[in-house]
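Accompanying notes for the structure given below.
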Amino acid sequence: MEQVVIIGTGCAGWTAAIYTGRANLSPLVLSGTQLGGQLTTTTEVENFPGFPDGVMGPELMGRMQQQAEKFGARVEYKKVDHLSRGDDGHFTITTDSGEEIKSQTIIIATGAAPRYLGLENEMSLIGHGVTSCATCDGAFYRDVPVAVVGGGDSACEEANFLTRFASKVYLIHRRDELRASKIMAERVLANEKVEPIWNSGITEYLTDDDGEVRAVTLENFQSGEQSELEVKCVFVAIGHVPNAQFVGDLVDLDENGYILQNSRGTGTKTPGVFAAGDVADHVYRQAITAAGQGCAAAIEAERYLADSE
Ligand code: NAP
1219 MEQVVIIGTG CAGWTAAIYT GRANLSPLVL SGTQLGGQLT TTTEVENFPG FPDGVMGPEL
1279 MGRMQQQAEK FGARVEYKKV DHLSRGDDGH FTITTDSGEE IKSQTIIIAT GAAPRYLGLE
1339 NEMSLIGHGV TSCATCDGAF YRDVPVAVVG GGDSACEEAN FLTRFASKVY LIHRRDELRA
1399 SKIMAERVLA NEKVEPIWNS GITEYLTDDD GEVRAVTLEN FQSGEQSELE VKCVFVAIGH
1459 VPNAQFVGDL VDLDENGYIL QNSRGTGTKT PGVFAAGDVA DHVYRQAITA AGQGCAAAIE
1519 AERYLADSE
């Protein structure tokens, strides 16, 4: 029987592991398919306190993992299929291979996954000119035009990053104003290689004989005009969907699929089950707020265990 199982290895998960590790709870951390979470697919993180010169996302996550393991966290590379609770009040975490792990508490810190546009051939084009990760795929598109879709911080960050490789970066946004923070918006709009395309969206991906994206059909939402734009890759940066599909009825979700936390902070409707980070937070969604919630969830789990003794 585990005392704490932490599901997820982003900022929230590793911070929860550091705190529960230091509380001698020997947390078991289940990493899922993407060790290190969303920050492993980003470049430089400039706003995580303590790093005045910035830090690379993967490095930050690697350091968090080291810190968690130093205090006794054990990492297993397993994906959770579903959660349940037995008559004894203990929880069962069932992995996708059917293994059952029993625990007294669970901290869900599974973050969120990139949202896509939902176009017909989109999923089959991932890796063939459609992606959500500039850091992963940007370098494959040197000296060719590419597009980024979205108007938030992610879209601006990706567009800026892609100017290192691409001949031109079209920033396609459905409105005529960026949602991104002022500093990010100003930076991207000042970049000569970035051309914004306002009030527009992609309605179709067009492919070449090899099945790779060669262009997109654009619609201007104000005029209704359709046009073709030649790009070799589309980087979709339109937000995320929380990874909470496996939680069953142990926790409630809001209308967008985010886990509902109780008024005490990171608790859920089930005592002993806590949620931290982007899987529950649709407001702040920052690395540091996720880490903060991971800390809070760890402290609450520790108190819950002490109270149940
Ligand atoms: P976001 O802020 O939710 O922005 C999503 C963007 O995609 C919005 O501009 C939205 O348009 C657009 N969009 C949503 N659905 C769409 C659809 N179906 N079709 C076309 N466009 C669509 O998401 P994000 O940029 O991923 O940022 C998430 C959070 O992470 C934010 O809190 C952000 O501050 C943070 N973040 C911070 C940094 C940083 O500080 N370095 C970097 C990346 C992300 P509308 O504007 O019209 O709604």
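The sequence shown begins at 1219 in the numbering used here and counts up one residue at a time.
Ideal Cβ positions, reconstructed from N, Cα and C, are used throughout, including at glycine.
Where residue i falls: helix, strand or coil (DSSP)
i	result
Val-1406	helix
Gln-1221	strand
Asp-1361	coil
Gly-1485	strand
Ile-1311	strand
Thr-1425	strand
Leu-1257	helix
Leu-1248	strand
Glu-1340	helix
Cys-1229	helix
Ile-1319	strand
Ser-1302	strand
Val-1459	strand
Thr-1381	coil
Val-1497	helix
N-terminal and C-terminal residue of the beta strand (DSSP E) that residue i is part of
i	result
Pro-1332	1330-1332
Alpha-carbon to alpha-carbon, residue j and residue i
i	j	result
Arg-1382	Lys-1411	9 Å
Leu-1436	Ile-1420	5 Å
Asn-1378	Val-1406	6 Å
Thr-1484	Phe-1453	33 Å
Arg-1432	Ser-1342	15 Å
Gly-1369	Thr-1259	19 Å
Leu-1447	Ile-1390	11 Å
Leu-1424	Val-1348	11 Å
Asn-1474	Ser-1385	37 Å
Asn-1461	Glu-1264	25 Å
Ala-1531	Val-1362	Missing from the structure shown is residue 1531; the chain here goes from 1219 to 1527 and no further.
Asp-1299	Ala-1519	22 Å
Leu-1301	Ala-1286	24 Å
Ala-1230	Gln-1440	41 Å
Glu-1262	Cys-1374	13 Å
Ile-1344	Cys-1351	10 Å
Ala-1357	Thr-1488	45 Å
Ala-1241	Tyr-1522	13 Å
Ala-1493	Val-1364	37 Å
Paired residues, beta bridge with residue i - DSSP
i	result
Met-1274	Glu-1262
Ile-1325	Ile-1224, Phe-1492
Glu-1520	BP columns for Glu-1520 are empty, so no partner.
Gly-1419	Glu-1437
Ile-1477	Leu-1471
Glu-1413	Tyr-1388
Cys-1451	Val-1364
Arg-1292	Leu-1246
Thr-1238	Note: Thr-1238 sits in no beta bridge, so no partner.
Start and end residues, alpha helix (DSSP H) containing residue i
i	result
Phe-1269	It is not in any alpha helix (DSSP H) - Phe-1269 carries neither H nor E in the DSSP assignment.
Ser-1445	Run containing Ser-1445: none in the alpha helix (DSSP H); it sits in the beta strand (DSSP E), 1444-1447.
Ala-1398	Premise fails: Ala-1398 is in no alpha helix (DSSP H) and is neither H nor E.
Ala-1352	1352-1355
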